[in-house]
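Chemist: Before I ask anything, here is the structure I am working with.
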Amino acid sequence: MPAYGHALVFTTTLVVFCFVLWLVRRRSIGERFAVLWLLISACLLVASSVGYRYLFEIAKFVGVPYPPSALFFLAIAGLTLLIIELFAWVSKLNDRTRVLTQQLAILSERVNRERATAGPGAGR
Amino acid sequence: MNAISETRDHDRETRVLLIVPAFNEAQSLPALIHRISSLYPHYDIAIINDGSTDNTVQAVREMPARLITLPCNLGIGGAMQTGFCIARDEGYDIAVQVDGDGQHPAEQVHLLVNAILQSGCDIAIGSRFLTGSGYQSTLSRRLGIRVFSLWLSAICNTRITDATSGFRAMNRRATELLSRNYAEDYPEVEAILVAHRAALRICEVPVEMSAREAGVSSIGRLRSVLYMVKVSLSILMCSLRRPEITR
Numbered sequence: 057m058p059a060y061g062h063a064l065v066f067t068t069t070l071v072v073f074c075f076v077l078w079l080v081r082r083r084s085i086g087e088r089f090a091v092l093w094l095l096i097s098a099c100l101l102v103a104s105s106v107g108y109r110y111l112f113e114i115a116k117f118v119g120v121p122y123p124p125s126a127l128f129f130l131a132i133a134g135l136t137l138l139i140i141e142l143f144a145w146v147s148k149l150n151d152r153t154r155v156l157t158q159q160l161a162i163l164s165e166r167v168n169r170e171r172a173t174a175g176p177g178a179g180r
Numbered sequence: 540m541n542a543i544s545e546t547r548d549h550d551r552e553t554r555v556l557l558i559v560p561a562f563n564e565a566q567s568l569p570a571l572i573h574r575i576s577s578l579y580p581h582y583d584i585a586i587i588n589d590g591s592t593d594n595t596v597q598a599v600r601e602m603p604a605r606l607i608t609l610p611c612n613l614g615i616g617g618a619m620q621t622g623f624c625i626a627r628d629e630g631y632d633i634a635v636q637v638d639g640d641g642q643h644p645a646e647q648v649h650l651l652v653n654a655i656l657q658s659g660c661d662i663a664i665g666s667r668f669l670t671g672s673g674y675q676s677t678l679s680r681r682l683g684i685r686v687f688s689l690w691l692s693a694i695c696n697t698r699i700t701d702a703t704s705g706f707r708a709m710n711r712r713a714t715e716l717l718s719r720n721y722a723e724d725y726p727e728v729e730a731i732l733v734a735h736r737a738a739l740r741i742c743e744v745p746v747e748m749s750a751r752e753a754g755v756s757s758i759g760r761l762r763s764v765l766y767m768v769k770v771s772l773s774i775l776m777c778s779l780r781r782p783e784i785t786r
């Protein structure tokens with residue numbers, strides 16, 4: 057790869073890494089995903105700098121004749137895992153929201169009933 | 540003395556909560572509540588308003604029933620689970636599920652309660668197919684129900700004829716279990732399996748159902764296919780899960 061191409065890849069991953077750091081610092085990414093994203097961006101940074109020269113050897117080792125395909129395979133596999141993780145997290149959030157919604161409805165009804173029993177003006 | 544008054548005599552000490560999940564059932568609810576409260580004045584009624592957009596709240600407000608309004612639509616599973624939580628937290632002995640669309644016969648609620656009290660089973664399911672009379676649903680639905688009933692009968696080693704019936708009564712053990720574990724969509728079939736795997740006893744009681752009084756079913760043609768797929772998958776997944784422990 058020409059030097060300017062290599063520099064473009066490295067700069068892009070560096071921007072991603074800095075963006076992730078900025079988001080973590082602002083707490084826009086929660087702790088759960090902060091570690092994951094920092095890890096991903098750090099891996100990308102290493103891979104795009106010193107790790108790039110090993111890409112051909114790794115591809116050859118795992119039996120992929122065209123090295124960029126190995127990179128795409130790793131990227132797609134990683135993104136798939138990430139999506140599965142997100143699905144699991146959304147399901148968990150959905151369960152929590154359901155419990156909160158149910159408890160909110162039950163408590164609201166209880167409060168309304170107690171207010172009605174206490175008569176007008178109660179609780180003011 | 541008829542069956543209902545016999546029930547009134549022997550289960551007056553038993554605290555029963557009738558859970559009615561309702562989504563846009565303003566037309567049929569008042570008549571249902573009126574029927575239940577006149578037949579069973581000592582039973583409590585909890586209407587779970589599942590984010591209705593019609594005037595369900597206004598229709599029920601002055602009726603002799605508790606109205607629990609969910610801030611958003613959770614689906615039949617979430618609504619029923621709310622009722623189970625109330626029954627569990629407030630120490631009801633028996634919780635009975637009655638649909639708000641008027642399909643489930645209010646005058647036969649005592650049959651389910653009696654089954655729990657007398658036969659010692661944990662869940663009593665009202666089956667429309669044991670007698671073969673009353674509303675039997677469409678042919679395609681009957682076929683689907685038959686498939687799931689046979690499948691569950693084989694797994695549970697108990698004869699189940701109406702696996703999808705939502706007309707059912709549960710004792711404290713079952714209520715406690717289902718308040719923790721109840722499927723979000725199409726929960727009836729999975730609930731039987733969850734209960735069986737937690738070593739709860741399930742029985743069926745012959746009942747006569749009616750066609751819905753108002754509104755339309757949430758399960759259309761396309762959804763029927765989704766229903767079959769989803770419920771089949773949930774049976775398979777439930778069989779793979781670790782059984783729940785009843786308290």
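Line by line, the protein sequences give chains A and B.
Just so you know, we're using this note's numbering here: the first sequence kicks off at 57 and counts up by one.
Just so you know, we're using this note's numbering here: the second sequence kicks off at 540 and counts up by one.
For glycine and all other residues, C-beta sits at the position ideal for the given N, C-alpha and C.
1) For the segment 141–161 of chain A, which residues have a CB atom closer than 7 Å to at least one CB atom of chain B, in sequence order?
2) Identify the contact partners of R605 (chain B) in chain A, using a Cβ-Cβ distance below 8 Å as the criterion.
3) Check distances from the C-beta atoms of the segment 608–625 of chain B to those of chain A and list, in chain order, the residues that come in under 8 Å.
4) Bridge partners of E646 (chain B), per DSSP?
5) Looking only at its own chain, which residues have a Cβ that is under 6 Å from the Cβ of D583 (chain B), when we skip the five neighbours before and after it?
6) In whole angstroms, what separates the C-alpha of E729 (chain B) from that of F89 (chain A)?
7) Quickly, what does DSSP pair N588 (chain B) with across the bridge? List them, please.
8) Which whole-angstrom value describes the C-beta separation of A576 (chain B) and P603 (chain B), a residue pair presumed to lie in contact below a C-beta threshold of 8 Å?
9) Assign Q620 (chain B) to one of two classes, buried (16 or more other C-beta atoms within 10 Å of its C-beta) or exposed (fewer than that).
10) Quick one, which of B:S676, B:L650, B:M776, B:D661 has its alpha-carbon nearest V744 (chain B)'s?
11) Got a sec? Which residues, its chain only, sit under 8 Å from I543 (chain B) by beta carbon, not counting five neighbours each side?
12) So V599 (chain B) packs on I572 (chain B), CB below 8 Å; how close in whole Å?
13) Identify the continuous alpha helix (DSSP H) that holds A634 (chain B) and give its terminal residues.
14) Helix, strand or coil, according to DSSP, for N696 (chain B) in the structure here?
15) Check the Cβ-Cβ distances between I664 (chain B) and every residue of chain A, and say whether any is below 9 Å.
16) From the DSSP output, in three-state form, read off A738 (chain B) for me.
17) Please state if the CB of L613 (chain B) and the CB of D628 (chain B) are separated by a distance shorter than 9 Å.
18) Give the C-beta separation of T700 (chain B) and S718 (chain B) to the nearest angstrom, bearing in mind that I take them to be a contact with Cβ-Cβ under 8 Å.
19) Would you decide whether L135 (chain A) is buried or exposed? Buried here means 16 or more other CB atoms lie within 10 Å of its CB.
20) Should M709 (chain B) and I615 (chain B) be called a contact, given that it needs their Cβ atoms to be closer than 9 Å?
21) Which residue wins for smallest C-alpha separation from S773 (chain B), given the options B:Y674, B:A561, B:L732?
22) Please tell me whether E564 (chain B) has its Cβ less than 9 Å away from any Cβ of chain A.
23) Taking R712 (chain B) and L691 (chain B) to be in contact with their CB atoms under 8 Å, please state how far apart those CB atoms are, rounded to whole angstroms.
24) State buried or exposed for I664 (chain B), treating a residue as buried only when at least 16 other CB atoms are found within 10 Å of its CB.
25) Could you check which residue in B:I586, B:A618, B:H735, B:L609 has the C-alpha nearest to that of A693 (chain B)?
26) Where does G665 (chain B) sit, in a helix, a strand or coil, going by DSSP?
27) Hey, would you say L79 (chain A) sits closer than 9 Å to L101 (chain A), going by beta carbons?
Modeler: Short version:
1) R154, T157, Q158, L160, A161
2) E165, R169
3) T608, L609, P610, C611, L613, G617, Q620, T621, C624, I625
4) Looking at the DSSP assignment, E646 (chain B) forms no beta bridge with any residue, so it has no partner.
5) L556
6) In a straight line, the C-alpha of E729 (chain B) is about 33 Å away from that of F89 (chain A).
7) DSSP, once it has assigned bridges, lists B:A561, B:T608 as partnering N588 (chain B).
8) It is Ser, not Ala, that sits at residue 576 (chain B) in the sequence shown. Confirmed, Cβ separation roughly 5 Å.
9) buried
10) B:L650
11) Here the model assigns I543 (chain B) a pLDDT of 49, short of 50, so the residue's position is not dependable, and the following value carries that caveat. Cβ-Cβ distances below 8 Å link I543 (chain B) to L578, Y579, E646, H649 in the same chain, with the five nearest sequence neighbours on each side left out; the list follows chain order.
12) 7 Å
13) Per DSSP, A634 (chain B) belongs to no alpha helix (DSSP H); it is in the beta strand (DSSP E), 633–636.
14) coil
15) no
16) coil
17) no
18) Wrong, their Cβ atoms sit about 26 Å apart, outside the cutoff.
19) Around the CB of L135 (chain A), fewer than 16 other CB atoms lie within 10 Å, so the residue is classed as exposed.
20) Using a Cβ distance threshold of 9 Å, M709 (chain B) and I615 (chain B) do not count as a contacting pair.
21) B:L732
22) no
23) That pair is no contact at about 19 Å.
24) With 16 or more Cβ atoms within 10 Å of its Cβ, I664 (chain B) is classed as buried.
25) The alpha carbon of A693 (chain B) has as its nearest neighbour, out of B:I586, B:A618, B:H735, B:L609, the alpha carbon of B:H735.
26) strand
27) no
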